[in-house]
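Student: One structure, pasted below without further comment.
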Ligand code: SF4
Ligand code: SF4
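Residue numbers (this note's numbering), protein chains in the order written: chain U, 15 to 336; chain B, 296 to 733.
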């Protein structure tokens, strides 16, 4: 008797990129920011990272077990979520809050909605926003880099203060160089533009993401903050706005989260413009210095709507003849 | 020459043209052949022979009254042993004629070059030759060459793209029979009064490109173009677009934009038929795949079993896990090695478990790679989601019927989702829904 042959429908050949490999690439791209965070904020930052990553992976493991679903921690997405969350937290955050954040991100936002691919907002950002609302004080206590001392202000909160009538007494502006390198107070992974850009280049080379969302998002913020300067039109300082706060980290790593951004190029452009406009509105006219998380999350929520209105025309569908 | 029109999407699948330098070997006449009565798109043929009859090479053994059909001829001389439904390459049972060969390969007496004076004679000759598209789906060539009166054809597109991995059957034709190809092109242009022909060859075949370009030199109606090597460059819609900039509208054929597309093997066969009158009874098949001992290009009689061909190529290194007829992107997995080579079989490939297994699916992460890869601009991830949720009535909004089933989406998905596989199911369901609506 002849051996049975295996039969299935074509194609019989697959690219060797896997979801796991893509997640690993994101982790690799985050290494510079992680290292920079630990360099500037010390072991405390390393501890926060270790705690959120393990809490996130453990939450996923237990939830899948509890819901009697197939284990998925090997896809590495829980590691990515944990890491991104840590990079979006102040180094001095109490560890129990970091754990709560990881549980919210992975347990609530990701797994309760069905796991990878089903969440409607970026888990790490969603969790961060909830933490900001619930524990505002802990989430806005900043540390000076290199020294374990409480910082008076971040580059962004300085900016916020200057827009009000009474500038903070004795405050110093941070230099572009310090901000570019990351020698300023802020969340663990957001301060060093250099480290984020290294990760960005890696993601581009590995074709994990395209340039569209990060560049259009950042560009929109730069353009609008320049136009809407405090001393009249076209007097803003776009470079300061781009380097300050979580914009670059958000634009490169959070806004590009596959699951929660549109799938077509056209949709992505609309989405990135939306992220940029909202960020500027929150930053310049809101009552909190940072607007990146809120902006991205709002755009995450309208992503299905954008997708529904940007269904591409099929090839040859444009000009119907005959 | 740089291409003006580059289609969106596609994938850079590995080429794996291992047999590119393998000159065509002629298969020893097998002991028996099984010739199915369906080797083309259209009406099946009815056998015109019965068990016990003796047949010769080129003798007609099946035909149909229907216009969209092509007659079928014996590829060997010998005795008909069985006329009954037998296992077919598609996995179903199809009326077939089994012939035990006598090894003499005597040519049928009726074979002589056709007399062609005009367009009608030419089309009739093409039909009698049994020719169907030798590159892909196997559409009867005489039907393609004779579009409805209101469609004026001003360009013959000759497909030498051969974008599927492994397959080198067209490539060998271009290297071994370039004059035949040019001759065939001229015949089509002359008899059908088509002003020009453009031949497209992917840029991973520079030798063939140079050779054909040289051969085409002294006929200014024929131009040869180099194409970007990117799957599915050789699909009709992407090919016509790359070479002419014309987009075939959704649901339409090349004739709707004034083109007719023929494969290089198809045009070369026209030339050979006009010269000899020997119908389509054999073809070149690329035999390859990781478990095949000596990958080769083999000239085999239609009806040869896959087993015979693999044996001719030194057999298997290890038990094959999956056997394909056609390339890995669009080929059909075979249930048995007993099925036969038919007119449009350009390759048979054998894989081990490692290469041939179906990867298991992971959740869609909405990475958009399938969207990037789709040459038809579709959203495979959404179609997949809707098919799995059985939301058939929403599928048309996503232009599901425009899918050419090239498989680029499934190929590129990091979560290994069975995208085109589900789209096929969805297409059937949508067609059924449409029929019910009317
Ligand atoms: S390629 Fe796969 S994972 Fe990516 S969007 Fe398409 S279906 Fe989803
Ligand atoms: S949806 Fe159809 S046309 Fe598009 S890539 Fe998939 S198989 Fe090809």
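Backbone N, C-alpha and C define an ideal beta-carbon position, used for all residues, glycine too.
Predicted model, so just to flag it, every value in this text is computed and none were measured.
1) Going along chain U, which residues have a C-beta under 7 Å from residue 545/B?
2) Along the chain, where does the alpha helix (DSSP H) containing residue 267/B start, and where does it finish?
3) Do residue 456/B and residue 528/B have their C-beta atoms closer together than 8 Å?
4) As a quick exercise: from 122/U, 327/U and 89/U, pick the residue whose alpha carbon is nearest that of residue 136/U.
5) Could you pull the DSSP bridge partners for residue 435/B from this structure?
6) Taking all protein chains shown into account, do 16 or more other C-beta atoms lie within 10 angstroms of the C-beta of residue 474/B, making it buried, or fewer, making it exposed?
7) Where does residue 661/B land, buried or exposed, given buried means 16+ other C-beta within 10 angstroms?
8) Run the CB neighbour count on residue 80/U, radius 10 Å, all protein chains shown included, and call it buried at 16 or more, exposed below.
9) Is the beta carbon of residue 700/B within less than 7 Å of some heavy atom of ligand 2?
10) Below 8 Å, how does it come out for the segment 601-608 of chain B and the segment 574-583 of chain B: are there three or more Cβ pairs, yes or no?
11) Under 8 Å Cβ-Cβ, which residues of chain U neighbour residue 715/B?
12) Between the beta-carbon of residue 706/B and the beta-carbon of residue 25/U, is there less than 8 Å?
13) DSSP state of residue 471/B, grouped into three classes?
14) Determine which residues share a DSSP beta bridge with residue 619/B and list them.
15) For residue 715/B, verify whether its CB is less than 7 Å away from any heavy atom of ligand 2.
16) Where residue 627/B and residue 727/B are concerned, what is the direct C-alpha to C-alpha distance, given to the nearest angstrom?
17) What residues of chain B sit near residue 118/U, judged by a beta carbon separation below 9 Å?
18) At a cut-off of 7 Å, would you count residue 307/B as near ligand 1, judging by its Cβ distance to the nearest heavy atom?
19) Beta-carbon separation of residue 273/U and residue 133/U under 8 Å?
20) From residue 283/U to residue 40/U, what distance separates their C-alpha atoms?
21) Apart from the five residues just before and just after residue 204/U, which ones in its own chain have a Cβ nearer than 6 Å to its Cβ?
22) What are the start and end residues of the beta strand (DSSP E) that includes residue 583/B?
23) Comparing the C-beta of residue 702/B with each C-beta of chain U, is any distance below 8 Å?
24) Compare the C-alpha of residue 325/B against each of 406/B, 517/B and 400/B and name the closest.
25) In whole angstroms, what is the alpha-carbon distance linking residue 198/U and residue 459/B?
26) Please name the residue, chosen from 573/B, 663/B, 614/B and 453/B, that lies closest to residue 371/B on a Cα-to-Cα basis.
27) Could you pull out every residue in the same chain whose Cβ sits closer than 7 Å to the Cβ of residue 321/B, ignoring the five residues on either side in sequence?
28) Please go through the same chain and pick out, in chain order, the residues whose beta-carbon is closer than 8 Å to the beta-carbon of residue 180/U, but skip the five residues on each side of it.
29) Consider the Cβ of residue 231/U: report whether some Cβ of chain B lies at a distance smaller than 8 Å.
30) Which same chain residues end up closer than 6 Å to residue 220/U when comparing Cβ atoms and leaving out the 5 residues on each side of it in sequence?
31) Just curious, the beta strand (DSSP E) that residue 391/B is in, first and last residue?
32) Between which residues of its own chain and residue 269/U is the CB-CB distance below 6 Å, once the five residues before and five after are set aside?
33) Under 7 Å, CB to CB, which of the residues in the segment 250-273 of chain U have a partner in chain B?
34) Can you tell me the Cα-Cα spacing of residue 251/U and residue 244/U, whole angstroms?
35) What's the C-alpha gap between residue 335/B and residue 361/B?
36) Can you give the Cα-Cα distance for residue 677/B and residue 323/B, rounded to whole angstroms?
Tutor: From the atom records:
1) In the second chain, counting from the first residue as 1, residue 545/B sits at position 250. In chain order: 328, 330 and 331.
2) Residue 267/B cannot be examined here, being either before or after the span of chain B that is shown, 296 to 733.
3) Numbered from 1 along the second chain, position 161 holds the residue referred to as residue 456/B. Numbered from 1 along the second chain, position 233 holds the residue referred to as residue 528/B. Result yes, Cβ atoms of residue 456/B and residue 528/B sit closer than 8 Å.
4) On the first chain, position 122 is the one that residue 136/U refers to. Cα-wise, what sits closest to residue 136/U is 122/U.
5) By one-based count along the second chain, residue 435/B stands at place 140. Answer is 427/B.
6) If you number the second chain from 1, residue 474/B lands on position 179. Classification of residue 474/B: exposed, given that the 10 Å Cβ count is below 16.
7) For the purposes of this step, residue 661/B is taken as the residue at position 366 of the second chain. The residue in question, residue 661/B, is buried, as its Cβ has 16 or more Cβ neighbours within 10 Å.
8) Locating residue 80/U in the first chain gives position 66, where the first residue counts as 1. Exposed, since its Cβ has fewer than 16 Cβ neighbours within 10 Å.
9) The count along the second chain starts at 1 and reaches residue 700/B at position 405. Yes, the Cβ of residue 700/B comes within 7 Å of a heavy atom of ligand 2.
10) yes
11) Here residue 715/B refers to the residue found at position 420 of the second chain. Within chain U, the residues near residue 715/B are 23, 24 and 25.
12) Looking up residue 706/B in the second chain gives position 411. Looking up residue 25/U in the first chain gives position 11. Going by C-beta atoms, residue 706/B is nearer than 8 Å to residue 25/U.
13) Position 176 of the second chain, counting from 1, holds the residue named residue 471/B. Of the three classes helix, strand and coil, the one that applies to residue 471/B here is helix, per DSSP.
14) The residue given as residue 619/B occupies position 324 in the second chain. DSSP lists 628/B and 644/B as partners of residue 619/B.
15) Residue 715/B sits at position 420 when you count from the first residue of the second chain. Residue 715/B Cβ: within cutoff of ligand 2.
16) Here residue 627/B refers to the residue found at position 332 of the second chain. Here residue 727/B refers to the residue found at position 432 of the second chain. For residue 627/B and residue 727/B, the distance between alpha carbons rounds to 24 Å.
17) Start at 1 with the first residue of the first chain, and residue 118/U comes out as number 104. What residue 118/U touches in chain B: nothing, since even the nearest Cβ is about 21 Å away.
18) The residue labelled residue 307/B in the question sits at position 12 within the second chain. Answer for residue 307/B: no, Cβ out of range of ligand 1.
19) As a position in the first chain, residue 273/U is number 259, starting the count at 1. As a position in the first chain, residue 133/U is number 119, starting the count at 1. Yes; because the gap between Cβ atoms is below 8 Å, this pair is in contact.
20) To locate residue 283/U, count along the first chain from 1; it is residue 269. To locate residue 40/U, count along the first chain from 1; it is residue 26. Straight-line Cα distance between these residues: approximately 22 Å.
21) As a first step, residue 204/U must be located in the first chain, where it is residue number 190. Within the same chain, residue 204/U has close Cβ partners 260 and 263.
22) Your numbering for residue 583/B matches position 288 in the second chain. Segment 577-583, the beta strand (DSSP E) holding residue 583/B.
23) Position 407 of the second chain, counting from 1, holds the residue named residue 702/B. Judged by the 8 Å Cβ criterion, residue 702/B is in contact with chain U.
24) Working through the second chain from its first residue, we reach residue 325/B at position 30. For the residues 406/B, 517/B and 400/B, the minimum Cα distance to residue 325/B belongs to 400/B.
25) Stepping through the first chain from its first residue, residue 198/U is reached at position 184. Stepping through the second chain from its first residue, residue 459/B is reached at position 164. Whole-angstrom Cα-Cα distance: 55 Å.
26) Translated into positions along the second chain, residue 371/B becomes position 76. Closest option to residue 371/B, Cα to Cα, is 573/B.
27) Stepping through the second chain from its first residue, residue 321/B is reached at position 26. Only 594 meet the Cβ criterion.
28) By one-based count along the first chain, residue 180/U stands at place 166. Unreliable placement is indicated for residue 180/U, whose pLDDT of 35 sits below 50; no coordinate value is reported for it.
29) By one-based count along the first chain, residue 231/U stands at place 217. Chain B, which has no Cβ nearer than 8 Å to the Cβ of residue 231/U, makes this no.
30) Taking the first chain and counting its residues from 1, the one referred to as residue 220/U is at position 206. If we look at residue 220/U and ignore the five residues flanking it on each side, its Cβ neighbours are 39.
31) Locating residue 391/B in the second chain gives position 96, counting from the first residue. 388-396 is the extent of the beta strand (DSSP E) around residue 391/B.
32) Residue numbering aside, residue 269/U sits at position 255 when the first chain is read from its first letter. If we look at residue 269/U and ignore the five residues flanking it on each side, its Cβ neighbours are 227, 231, 289 and 310.
33) 272 and 273
34) One-based indexing of the first chain puts residue 251/U at position 237. One-based indexing of the first chain puts residue 244/U at position 230. Going by the C-alpha atoms only, they are around 9 Å apart.
35) Along the second chain, read from residue 1 onward, the residue named residue 335/B stands at position 40. Along the second chain, read from residue 1 onward, the residue named residue 361/B stands at position 66. For residue 335/B and residue 361/B, the distance between alpha carbons rounds to 12 Å.
36) Working through the second chain from its first residue, we reach residue 677/B at position 382. Working through the second chain from its first residue, we reach residue 323/B at position 28. Cα to Cα, the separation comes out at about 50 Å.
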